[in-house]
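Note that the working numbering has the sequence shown beginning at 314, numbered continuously upward. For each residue, glycine too, the CB sits at the ideal point set by N, CA and C. Since we're looking at a predicted model, the values are computed, not measured.
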Amino acid sequence: KQPANSERALGMQVMENILTSNPDLDAVFCTNAEMAMGALQATVAAGKKIIIVGFDDDRDILNSIASGNITATIAQNPFDMGRLGIEMAVKLLEGEEIPKRIDTGTTLVTKDNVEDFIKKKESIFKN
Numbered sequence: 314k315q316p317a318n319s320e321r322a323l324g325m326q327v328m329e330n331i332l333t334s335n336p337d338l339d340a341v342f343c344t345n346a347e348m349a350m351g352a353l354q355a356t357v358a359a360g361k362k363i364i365i366v367g368f369d370d371d372r373d374i375l376n377s378i379a380s381g382n383i384t385a386t387i388a389q390n391p392f393d394m395g396r397l398g399i400e401m402a403v404k405l406l407e408g409e410e411i412p413k414r415i416d417t418g419t420t421l422v423t424k425d426n427v428e429d430f431i432k433k434k435e436s437i438f439k440n
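Following this line, the structure appears as structure tokens:
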């Protein structure tokens, strides 16, 4: 196990180590966008092309998906997380019961839907 602490540079270093010890690696899942970008840097430097899937949806990873360098990312729904968080807090303050778990969903963003995803995200946060 080699944690990359959600950092791009450390993600690159860890991915370099992984590629050295696993030269036939086909794919990697990174638990955030920064580490996915670091993994991309390491694979490019090594002259390899593998499937890279990240988590979260910052601009760098979305651009890398659009250009075909990263395969996909799993995007959370921060708008609904915030909205439902406030709604549940109000319900608690009013003495109502709330669910133990609320799933706000995720979206698998790939080259096929990245442009629409960016437009939707920009429209939500523009208003």
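Go to residue 387, then tell me how far its beta strand (DSSP E) extends in each direction, as first and last residue. What you label residue 387 is simply residue 74 of the sequence shown in a count that begins at 1. Unbroken beta strand (DSSP E) run through residue 387: 385-388.
To the nearest whole angstrom, what separates the beta carbons of residue 353 and residue 383, a pair I think is in contact under 8 Å? Taking the sequence shown and counting its residues from 1, the one referred to as residue 353 is at position 40. Taking the sequence shown and counting its residues from 1, the one referred to as residue 383 is at position 70. That belief holds up - the Cβ atoms of residue 353 and residue 383 are roughly 6 Å apart, short of 8 Å.
Closest to residue 396 by CA distance: which of 416, 379, 387 and 381 is it? Start at 1 with the first residue of the sequence shown, and residue 396 comes out as number 83. Residue 396 has its Cα closest to that of 416, out of 416, 379, 387 and 381.
Is it buried or exposed, residue 330, if we count other Cβ atoms within 10 angstroms and call 16 or more buried? Here residue 330 corresponds to residue number 17 of the sequence shown, with the count starting at 1. Under this definition residue 330 is an exposed residue.
Which of the three DSSP states is assigned to residue 351 in this structure? Position 38 of the sequence shown, counted from the first residue, corresponds to residue 351. Three-state result, residue 351: helix.
Going by DSSP in three states, residue 398 sits in which element: helix, strand or coil? Counted from its first residue, the sequence shown places residue 398 at position 85. Helix.
Tell me which residue opens and which closes the beta strand (DSSP E) that residue 408 is part of. For this step, residue 408 is matched to residue 95 along the sequence shown. Premise fails: residue 408 is in no beta strand (DSSP E) and is neither H nor E.
Please report the distance separating the alpha-carbon of residue 296 from that of residue 385. Within the shown structure, residues of the chain are numbered from 314 to 440, placing residue 296 beyond reach of any answer.
With burial defined as no fewer than 16 other Cβ atoms inside 10 Å of the residue's Cβ, what is the status of residue 430: buried or exposed? The sequence position of residue 430 within the sequence shown is 117, counting from 1. Buried: at least 16 other Cβ atoms inside 10 Å.
Which residues does DSSP list as the beta-bridge partners of residue 340? Against the sequence shown, residue 340 aligns to sequence position 27. Paired residues: 364.
When DSSP builds the beta bridges, which residues end up paired with residue 421? Stepping through the sequence shown from its first residue, residue 421 is reached at position 108. In the DSSP output, where bridge partners are listed per residue, residue 421 has 387.
Would you kindly work out how many angstroms separate the C-alpha atoms of residue 366 and residue 410, rounded to a whole number? Mapped onto the sequence shown, residue 366 falls at position 53. Mapped onto the sequence shown, residue 410 falls at position 97. The straight-line gap from Cα to Cα measures roughly 37 Å.
Which residue marks the beginning of the alpha helix (DSSP H) containing residue 345, and which one marks its end? Position 32 of the sequence shown, counted from the start, is the residue given in the question as residue 345. Neither: residue 345 is in no alpha helix (DSSP H) and is coded neither H nor E.
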